Amino acid sequence: MKPAPFTYHAPQDAAEAVGLLAELGEEAKFIAGGQSLVPMLALRLAVFDHLVDLRRVAGLRGVERRGDEVWIGAGTTQAEIGRSEEVARNVPLLARATPLIGHFQIRNRGTIGGSIAHADAAAEYPAIALTLGARLEALSPRGARTLPAEGFFTGMWSTGLAEDELLTGVAFPVRGPRSGFAVEEFARRSGDFALAGAAVSVELDGAAQIRRCAIGLFGLGSTPLRASAAEEALAGCGADSPAAEEVGRAAVAELRSVPADLHGSADYRRHVGAVMVARAWQRAVKEAGDA
1 MKPAPFTYHA PQDAAEAVGL LAELGEEAKF IAGGQSLVPM LALRLAVFDH
51 LVDLRRVAGL RGVERRGDEV WIGAGTTQAE IGRSEEVARN VPLLARATPL
101 IGHFQIRNRG TIGGSIAHAD AAAEYPAIAL TLGARLEALS PRGARTLPAE
151 GFFTGMWSTG LAEDELLTGV AFPVRGPRSG FAVEEFARRS GDFALAGAAV
201 SVELDGAAQI RRCAIGLFGL GSTPLRASAA EEALAGCGAD SPAAEEVGRA
251 AVAELRSVPA DLHGSADYRR HVGAVMVARA WQRAVKEAGD A
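All residue numbers for the sequence shown refer to full-length UniProt numbering, where the first residue is 1 and numbers rise by one.
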């Protein structure tokens, strides 16, 4: 199939882009790399009268260290993030998740802003943003605002962005001392969306106890999730206790509604999710202990 006819717009700056969206209303859609939207348009799962292309919008690309954060423009491609030494050094969890996204052709065009705004529950970048407590910058005709990743993902393919808002950048906290990170996922084939995945961040204190930790889950609900109860229970524990398998079981024990389809039942996904958490936890704790 081919997409339904649409009018193409190519704004030069962010203010022009959000102005177009406000003017055209719900009949318009932003398109960044197009790796999620174009297949939906081609299958006519989505139809829009207007597409507003963000590729030429100034100021939406780049990676910058800004104090205790690393800012990444929403239009920055996944391939650029994968090559960034700044990201690898200061936001290693994001760097490690990047090669898991699709295939290199997809990463060459797909953008971080497009992935986060699309809000697929099985995608890596939304889960990483939630796990690390990223700040999401948005622009509308009313001005700019910042939204925390916590609470940003409101449902399958839906977010806290207003209808006339554009995601312009994402700010990730710089890694702290004695910290470790890991991401694990299980997919039917390399490049497929994960049936279940986990992202873990751990920071130890001087006594090798867990100062803070974050456990993100993807593919296990209608949005990316945090295993908040398990995180709270782990704070103050020794790095070697409890066992990784116990952490995995505790993380998925909070899940209330796990998706099921022809690729796996809810119980199967829950089991796989626990294994992914255990593997990621073990690797993250070891890295923190070796730091």
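Every residue, glycine too, gets a C-beta built ideally from N, C-alpha and C.
Bear in mind that the values here come from a model prediction, so they are computed numbers and not experimental data.
To the nearest angstrom, report how far apart residue i and residue j are at their CA atoms.
i	j	result
Ala28	Trp281	42 Å
Pro92	Ser84	10 Å
residue 316	Gly133	In the structure as shown, the chain starts at 1 and stops at 291, and residue 316 therefore has no counterpart that could be examined.
Val209	Thr98	The amino acid occupying residue 209 in the given sequence is Gln; Val does not appear at that position. Distance between the alpha carbons of Gln209 and Thr98 is about 29 Å.
Gly59	Asp164	18 Å
Arg270	Ala95	26 Å
Glu26	Asp205	49 Å
Ala230	Arg175	21 Å
Glu80	Ser241	38 Å
Ser228	Ile215	8 Å
Ser179	Glu16	41 Å
Trp157	Gln78	19 Å
Pro259	Ala291	37 Å
Leu147	Val200	22 Å
residue 293	Asp68	Given a span of 1 to 291 for the chain in the structure shown, any question on residue 293 remains unanswerable.
Val247	Met1	46 Å
Thr264	Leu41	Checking the sequence shown, residue 264 turns out to be Gly, not Thr. The straight-line gap from Cα to Cα measures roughly 27 Å.
Asp261	Glu232	32 Å
For residue i, count the other beta carbons within 10 Å of its own beta carbon; 16 or more makes it buried, fewer makes it exposed. Which is it?
i	result
Asp120	buried
Arg145	exposed
Cys237	exposed
Arg188	exposed
residue 335	This structure cannot speak to residue 335, because the chain is shown only from 1 to 291.
Gly102	buried
Ser36	buried
Arg256	exposed
Ala251	buried
Among residues of its own chain, excluding the 5 on either side of residue i, which ones have a beta-carbon nearer than 7 Å to its beta-carbon?
i	result
Met276	Glu184, Glu185, Phe186, Ala196, Gly197 and Ala198
Glu86	Val63, Arg65 and Val70
Gly34	Arg109
Leu24	His50
Val202	Ser179, Gly180, Ile210, Cys213, Ala284, Val285 and Ala288
Contact defined as beta carbons within less than 8 Å: I believe residue i pairs with residue j. What is the distance between those atoms, to the nearest angstrom?
i	j	result
Phe218	Ala123	7 Å
Pro126	Phe153	6 Å
Ala266	Arg249	With 8 Å as the limit, Ala266 and Arg249 do not qualify as a contact, their Cβ atoms being about 16 Å apart.
Ala4	Val47	5 Å
Pro74	Gly169	The sequence given here places Ala at residue 74; Pro does not occur at that position. At roughly 6 Å, the Cβ-Cβ gap stays under 8 Å, so Ala74 and Gly169 are in contact.
Ile72	Leu54	Not quite, the Cβ-Cβ distance comes to about 15 Å (not below 8 Å), so this is no contact.
Leu45	Ala117	17 Å between Cβ atoms; not a contact.
Arg135	Ala88	In fact, because the Cβ distance is near 20 Å, the residues do not count as touching under 8 Å.
Arg107	Gly82	6 Å
Go through its chain and collect everything with a Cβ distance to residue i's Cβ below 8 Å, but skip five positions before and after it.
i	result
Leu20	His9, Pro11, Ala28, His50 and Val52
Thr76	Leu60, Arg61, Gly62, Val63, Thr111, Ile112 and Gly113
Glu150	Leu130, Gly133 and Arg226
Leu166	Ala14, Ala17, Val18, Leu21, Phe30, Leu54, Ala74, Ala138, Leu139 and Ser140
Phe104	Ala79
Alpha helix (DSSP H) containing residue i: first to last residue?
i	result
residue 296	Here the chain comprises residues numbered 1 to 291, so residue 296 is not present and cannot be evaluated.
Gly273	Ala266 to Asp290
residue 292	Nothing can be reported for residue 292: it is not among the residues displayed for the chain, which extend from 1 to 291.
His118	Ile112 to His118
Arg89	Glu85 to Asn90
What residues in its chain sit with their C-beta under 6 Å from that of residue i, if we drop five residues either side in the sequence?
i	result
Leu234	Ile210 and Cys213
Glu245	Ala278
Just to confirm the assignment, what range does the beta strand (DSSP E) spanning residue i have?
i	result
residue 293	Lying outside 1 to 291, the shown extent of the chain, residue 293 is not represented and no answer is given.
Pro242	No beta strand (DSSP E) holds Pro242; DSSP gives it neither H nor E.
Ala28	Ala28 to Ile31
Ser179	Ser179 to Phe186
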